[in-house]
Structures are given as C-alpha cells and as structure tokens.
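Notes follow once the structure below has been shown.
Given below as structure tokens:
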C-alpha cells in the first residue's frame, strides 16, 4: 500500500502574493520550502519571518506554517500548503552558535552553510579555493544536528560539501541543483558529491533554474526527466526530489542583490553575464508554480512507476522531513 | 637633526581607568592604538567607540582622540596621549563593504582581517587550512586602501597574510607578534612573512604578551632586545616598533571571551591550556603601561643608537601613520 501522493516543492523564492498562493493550490502542492533569507542578518531574518507569519495568518484557507512532516499531511488533508522556512546562507546566525536553536524555534528547517562566497562556516562555490568546514563550521554542524536544522549545501564548494556530509551525524541536503554530468555549471554537483550525499541518506532536489538546465531556457521536459532517470539509477530514486528554485514575479534587481549582497563594489553577474544579467526565462513547460505537476507527467512518459513518481514528486521529501526535522535523540 | 622622541604603543587592550591614563602620562606615551573590538558587530562596536569617546571627553588633560600623525605631535606637545581606535577582527563591518568607510569616519585606523578563525575576508591562524583572501577579502583590501584604514594581519594565517601584503596597494601591519625563529608559537610570524611585510614598507609591532615571548613570563629584557636586534638586521630597524598587547586589569573571563566569542560550545584555550586558562603573568620588566620606557633602556644596553631607539619606540609608527592614515590619492 502506498501513501497518498503528496506534492512538495523543496525550494522556492517567489515574490509571493495571493495569486501565487492560488497557484500553489492549483498545482496541488502540500508543502513548499520557501527561502527566508540570502544576506539578511538575524534581525532582518526575523523581519522576513514576520512577513511570512502575516501571509500565513492572512490566508488560513490556503496556507499553514509547516514545522513537522505531519504538518504536510494535515495540509494535504485540508487542501492547503504547508510553508517551511529555510535560509540560503548562514548570515542569520551571525557569529553566534546559540542562534541555531533560536532560528529553529522560530520555524527554520533548512540552512545553507554558504551562499556562493566564503562564510564563517564553510566555502561557497564561487571562491577559488575551498578549505572545507571552519572551526565554527564543525561546531555549527553538530549544533544543527542536535536541534534538527537541516544542512543544505546547494551553493557550497566541493570539499566543504563532502566534509559536511562526513561530519554531519544526520543526512544532509542539496535542495536545488542538478548533476554536472548532465549540465556542467558552477552550481551543479559532481558525481562524487551526489554519491556521498545519497549514500548517507541525504536528498538532492532537482532545480528548474535555467542556468542549472541543459540548454538553459530551451531545456526540454524529456531531457530533464531523462536526467532524473539516470540520477535514479546512480543514486536511488528514493533520495531524489524537486527543489524548483522558482523566483516567480521577482524583479531583476533581486537576482543582482542575491549575487552581490552588500559585500561588493563591483557588479558580479554570478551564473549570468553582462549580456544576460537578469533572471533567465523559464522553460515553457515550467513557467510557474502551477506547472509543478508537468514534471510528474514527464516522469510517467519516460517510464517511471507510479510509486517512483510519487516519491520524486513529494513523498521522498516527506520521509526526509519525518526523520530530520526533530531534535536528535540522545542515545 | 632627529625629530623629538615620541613614544607609541601600537596595541593595547587594557581595562582602562583614570589610573591607567595616569600611567600613560608617566610612561610618556604620546599615542596608544587601543583595541575597540574583537567579536562585536557594527552596532556593538559603535557602542564601544562611544565608551572611548566618553573617556576622552572626561580626561581632556590626559587624552585626545587620534586620527592623524599630526595628532600625535599635538599630544606630545601638550603632554597628552592620542588614542587611536583599531579592530582586532572584521566583525564590525559584518557583510557590508560600505561599513569600511563608515568605521574610518568614526575614527578606526587599523582593522585585522581575521581574529584566529576564518572570517568573511581571510583565514585566521587557528584554522587547519588557509585559502588566503576571499572574494569579499580582495574587495575589502582595496576599499581599506582607498579610505586609509590600515590592514593588520596579527592573528591571520600565513597564506592569507602573504596575499594581503601582495594584494594591498599600501603597506600593511602586524601590530602585535614576534618572529617565530625567536619563539615558535602559533601567533608568531615566519621569516618569509616578515620579509614580505617589511619589503613592502609594512610594520611589525613586537608583542609583550607572554605566550609570544621566549620563556614566557620568565623572558628577560635582554633576550627580548636581542631578538629586536636580530630582527633589525633582517628587516631593517625602521620597519619595527612596539605593540605591547597589554591587557592590564582585564579579568580572565575576558581572555576566555577573546578565544571563544559566541561561536563555540566547547571551551577553547587558544594559546593557553586547561592548566593555564587565564591571562599569563607579565615579565617583571614589563608589568604595566608605565614600564614602556624600560624597553628603550634595554635597547640602549645592547648597543642600539639613539636614533634607532627613537624609531623603535615610536617614530617608526609615527612615520607609518603619516603615510597610511590618509585616503589614497587618485593618480
């Protein structure tokens, strides 16, 4: 007997509005992991959480705050979307290990150790060299393990990612990236990283951000699904899900801010370029949140079983939430 | 004709009080570079600057705020001590390159790129690996050069220090450390670093902190001065001065905080140990600020000339201030 299909998009950073909450419902999404911060410090992150708390309060028919796997089931039963908070950077904990438990208490469930650049914890994928986890980083991983804040290495460099997988006593995630054997890109991940990640029970969320896709905005659904099939054969379908990285309705100044934060006096184009500085155009089969089910259709077309599709589209994330959003139990 | 002798201690972090301001006068110090922060963020650093502004306001007969080399001469002529503000970490600029000019405007004249651990800018001397300057670090060095905020690498790791020397368009400093060929210690510096530093016009300030001294608290004045003589022969006496690292009247909990900040849930003993966790005892010839002139006497005893002694005891720092506390002039 298989569990009822539940759809989860495990990474978005849209410019949310009632119209997009309607899209979540149309898509049948029972959970979305939303990015609460990139470069914001603790106080600014709390401000962003307050904004999300207000969204949830204002739309009780559409949304609920997700903290546990069971919240996803409640959302599915009541036709709503459980919103899980996560950070794409460790900026919110500043230099204070005590803030890890605090942000968990406020609802954070994922935190990247780095966002492109070197952080106090580890090295980002845009630095020339990578020293792996720092002294603070090793302690932060242990504290995240203790409280149940999941490590996400989507924007981290290779050695740091391998060390996080190794040092962490619990499985970690790459919430939004693709294998670099399908599309070589600075943000996509090596086979070695993906094997290490999934060997330890970690999860990969496939990204729909065009810079991570083969042929970019022209990527076909078939190509994307064939990549998933190859990944499933290498890493096990049960360790894979979706983290769309959708930034619907965000103006281009937002991607400029993501790439440059407050640290730069030069304009850094990240995965873009001077000719193509803004958000790239989404592929026509994944333009918006409501296109989420198209992936399931594409997976069926290339021969995935119903159970595998249910897993890839949400149940694998749900199982991961079940085991990793709770505080560590002392043995 | 030599300039009038002027004594400068280019690094202290005492628990300041009117009694210590009297000691500065007794010692004849015309300038002291005081540490304003270790782990404090921008807002907390401003709070510490306010405390110092109040000290200076309350003791106009003893103190003045030092911003330029000329302020040191004014202090010397009026029998006061010019207090220069500096940071032992880049925590005050957080992740914001714009804060570099802001802290300069508030009086900061030195900033370490790291304090023992990895920072957003570079690697500290307690990390296992060292990637050198980060992407933000390269830009921060250029901005510090532009505004006239001097780079200090006292607590940084070797490669980061060499890269800072190389990338900086202006001379940099190691305000408080000794050569490791005299006393091997994690905080003391290699011959390669000291040659690169001084070849580019940078300054080394000799430390009187016992963990940096041969034989620790039992170090003799003669041994310390012989080390200075050897350093003068290797690096040129004109590139050397004093940065005593005196922490007079600080309770042991302060050194624990320096070492552990807010990042650790384990107790790190830094240069100390579980058996010797506190501030070590100062050598009997350098117990307090008023012992500063003893170094000049020791240098005379081993044969330094009067001009060399005047340079080592303060005029070398004064010359450095003259050239490096001003904004860069566009060519």
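Protein chains in written order, with my numbering: chain X, 150 to 480; chain B, 150 to 480. Backbone N, C-alpha and C define an ideal beta-carbon position, used for all residues, glycine too.
Three-state secondary structure assigned by DSSP to residue 264 of chain X | Your numbering for residue 264 of chain X matches position 115 in the first chain. It is coil, neither helix nor strand.
Three or more beta-carbon pairs under 8 Å between the region 397-414 of chain X and the region 371-388 of chain X, yes or no?
-> no
Count the other CB atoms within 10 Å of the CB of residue 470 of chain B; is the residue buried (16 or more) or exposed (fewer)?
-> The residue you call residue 470 of chain B lines up with position 321 of the second chain. Buried: at least 16 other Cβ atoms inside 10 Å.
Go ahead and pull the three-state DSSP assignment for residue 213 of chain B.
-> Stepping through the second chain from its first residue, residue 213 of chain B is reached at position 64. The answer is strand: DSSP assigns residue 213 of chain B an E or B state.
Would you mind telling me which residues of chain X sit closer than 8 Å to residue 266 of chain B, beta carbon to beta carbon, in chain order?
-> Counted from its first residue, the second chain places residue 266 of chain B at position 117. Ordered by position in chain X, the residues that pass the 8 Å Cβ test against residue 266 of chain B are 269, 283, 284, 285.
Taking three-plus beta-carbon pairs below 8 Å as touching, is the region 444-457 of chain B in contact with the region 224-241 of chain B?
-> No: fewer than three Cβ pairs fall under 8 Å.
Anything in the region 217-248 of chain B with a Cβ closer than 8 Å to a Cβ of chain X? List those residues in chain order, please.
-> 240, 243, 244, 245, 246, 247
Who does residue 161 of chain B pair with in a DSSP beta bridge?
-> As a first step, residue 161 of chain B is located in the second chain; it is residue number 12 there, counting from the start. Answer is B:183, B:395.
Residues from the region 399-422 of chain X in contact with chain B, defined by Cβ distance under 9 Å = 410, 411, 412, 413, 414, 415, 417
Can you check whether the CB of residue 230 of chain X is closer than 8 Å to the CB of residue 282 of chain X?
-> In the first chain, residue 282 of chain X corresponds to position 133, counting from 1. In the first chain, residue 230 of chain X corresponds to position 81, counting from 1. Cβ atoms of residue 282 of chain X and residue 230 of chain X: not closer than 8 Å.
Please compile the residues from chain X whose C-beta is within a distance smaller than 7 Å of the C-beta of residue 188 of chain B.
-> Translated into positions along the second chain, residue 188 of chain B becomes position 39. Neighbours of residue 188 of chain B on chain X, chain order: 244.
In whole angstroms, what separates the C-alpha of residue 436 of chain B from that of residue 207 of chain B?
-> Counting from one through the second chain, the residue named residue 436 of chain B turns up at place 287. Counting from one through the second chain, the residue named residue 207 of chain B turns up at place 58. Looking at the two C-alpha atoms, the distance is approximately 26 Å.
Rank X:432, X:418, X:433 by C-alpha distance to the C-alpha of residue 426 of chain X and give the top, closest one.
-> For the purposes of this step, residue 426 of chain X is taken as the residue at position 277 of the first chain. Selected option, being the one with the closest Cα: X:418.
So which residues on chain B does residue 275 of chain X lean against when the C-beta distance must stay under 7 Å?
-> Looking up residue 275 of chain X in the first chain gives position 126. For residue 275 of chain X, the chain B residues whose Cβ falls inside 7 Å of its Cβ are 284, in order along the chain.
CB of residue 363 of chain B within 8 Å of CB of residue 325 of chain B, strictly | The residue labelled residue 363 of chain B in the question sits at position 214 within the second chain. The residue labelled residue 325 of chain B in the question sits at position 176 within the second chain. No; because the gap between Cβ atoms is not below 8 Å, this pair is not in contact.
Using a Cβ cut-off of 8 Å, pull out every chain X residue sitting near residue 272 of chain B, in sequence order please.
-> Counting from one through the second chain, the residue named residue 272 of chain B turns up at place 123. What residue 272 of chain B touches in chain X, judged by beta-carbon distance under 8 Å, is 280, going in chain order.
At least one CB of chain X closer than 8 Å to the CB of residue 288 of chain B: is that the case?
-> As a position in the second chain, residue 288 of chain B is number 139, starting the count at 1. For residue 288 of chain B, at least one C-beta of chain X is nearer than 8 Å to its own C-beta.
With residue 234 of chain B as the anchor, note down where its beta strand (DSSP E) starts and where it stops.
-> Counted from its first residue, the second chain places residue 234 of chain B at position 85. Run containing residue 234 of chain B: 230-236, per the beta strand (DSSP E) assignment.
When Cβ atoms are compared, which residues of the region 292-313 of chain X fall closer than 8 Å to chain B?
-> 292
Using the C-alpha atoms, what's the distance from residue 343 of chain X back to residue 385 of chain X?
-> For the purposes of this step, residue 385 of chain X is identified with residue 236 of the first chain, where counting begins at 1. For the purposes of this step, residue 343 of chain X is identified with residue 194 of the first chain, where counting begins at 1. Answer to the nearest angstrom: the Cα atoms are 11 Å apart.
Residue ranges of each alpha helix (DSSP H) run of no fewer than 4 residues wholly in the region 341-388 of chain B, ordered along the chain?
-> 370-384
Where does residue 473 of chain X fall in DSSP's three states?
-> In the first chain, residue 473 of chain X corresponds to position 324, counting from 1. Residue 473 of chain X: helix per DSSP, three-state reduction.
Which residues in the same chain have their Cβ closer than 7 Å to the Cβ of residue 198 of chain X, if we skip the five residues on either side of it in sequence?
-> In the first chain, the residue the question calls residue 198 of chain X occupies position 49. The answer, listed in chain order, is 185, 234, 255, 256.
According to the Cβ coordinates, are residue 345 of chain X and residue 311 of chain X closer than 8 Å?
-> Counted from its first residue, the first chain places residue 345 of chain X at position 196. Counted from its first residue, the first chain places residue 311 of chain X at position 162. The answer is yes: Cβ separation under 8 Å.
8 Å contact criterion, which residue 274 of chain B and residue 240 of chain B should meet: CB distance rounded = Here residue 274 of chain B is taken as the residue at index 125 of the second chain, counted from 1. Here residue 240 of chain B is taken as the residue at index 91 of the second chain, counted from 1. Not confirmed; about 17 Å, so no contact.
So, helix, strand or coil for residue 449 of chain X, using DSSP?
-> Walking along the first chain from the start, residue 449 of chain X turns up at place 300. Helix, per DSSP.
Going by alpha carbons, who is nearest to residue 356 of chain X out of X:174, X:203, X:432, X:288?
-> Taking the first residue of the first chain as position 1, residue 356 of chain X is located at position 207. The shortest Cα separation from residue 356 of chain X among X:174, X:203, X:432, X:288 belongs to X:432.
Whole-angstrom distance between residue 271 of chain B and residue 304 of chain B, CA atom to CA atom | Locating residue 304 of chain B in the second chain gives position 155, counting from the first residue. Locating residue 271 of chain B in the second chain gives position 122, counting from the first residue. Taking the straight line from one Cα to the other gives about 11 Å.
Does DSSP classify residue 258 of chain X as helix, strand or coil?
-> Mapped onto the first chain, residue 258 of chain X falls at position 109. Residue 258 of chain X falls in the strand class under three-state DSSP.
State whether the region 396-407 of chain B contacts the region 452-472 of chain B, with contact taken as three or more CB pairs (one from each stretch) at a distance under 8 Å.
-> no
Going by the CB atoms, is the gap between residue 158 of chain X and residue 366 of chain X shorter than 8 Å?
-> On the first chain, position 217 is the one that residue 366 of chain X refers to. On the first chain, position 9 is the one that residue 158 of chain X refers to. No.
With distances taken between CB atoms, is the gap from residue 328 of chain B to residue 350 of chain B smaller than 8 Å?
-> The sequence position of residue 328 of chain B within the second chain is 179, counting from 1. The sequence position of residue 350 of chain B within the second chain is 201, counting from 1. For residue 328 of chain B and residue 350 of chain B, no; Cβs fall outside 8 Å.
Under 8 Å by Cβ, that's how I've got residue 354 of chain B and residue 160 of chain B pegged, so tell me the actual separation to the nearest angstrom.
-> Within the second chain, the letter at position 205 stands for residue 354 of chain B. Within the second chain, the letter at position 11 stands for residue 160 of chain B. About 6 Å separates the two Cβ atoms, so the contact holds.
Where does residue 305 of chain X sit, in a helix, a strand or coil, going by DSSP?
-> Against the first chain, residue 305 of chain X aligns to sequence position 156. Here residue 305 of chain X sits in strand by DSSP.
To the nearest angstrom, how far is it from the Cα of residue 262 of chain X to the Cα of residue 280 of chain X?
-> One-based indexing of the first chain puts residue 262 of chain X at position 113. One-based indexing of the first chain puts residue 280 of chain X at position 131. So the two alpha carbons sit approximately 13 Å from each other.
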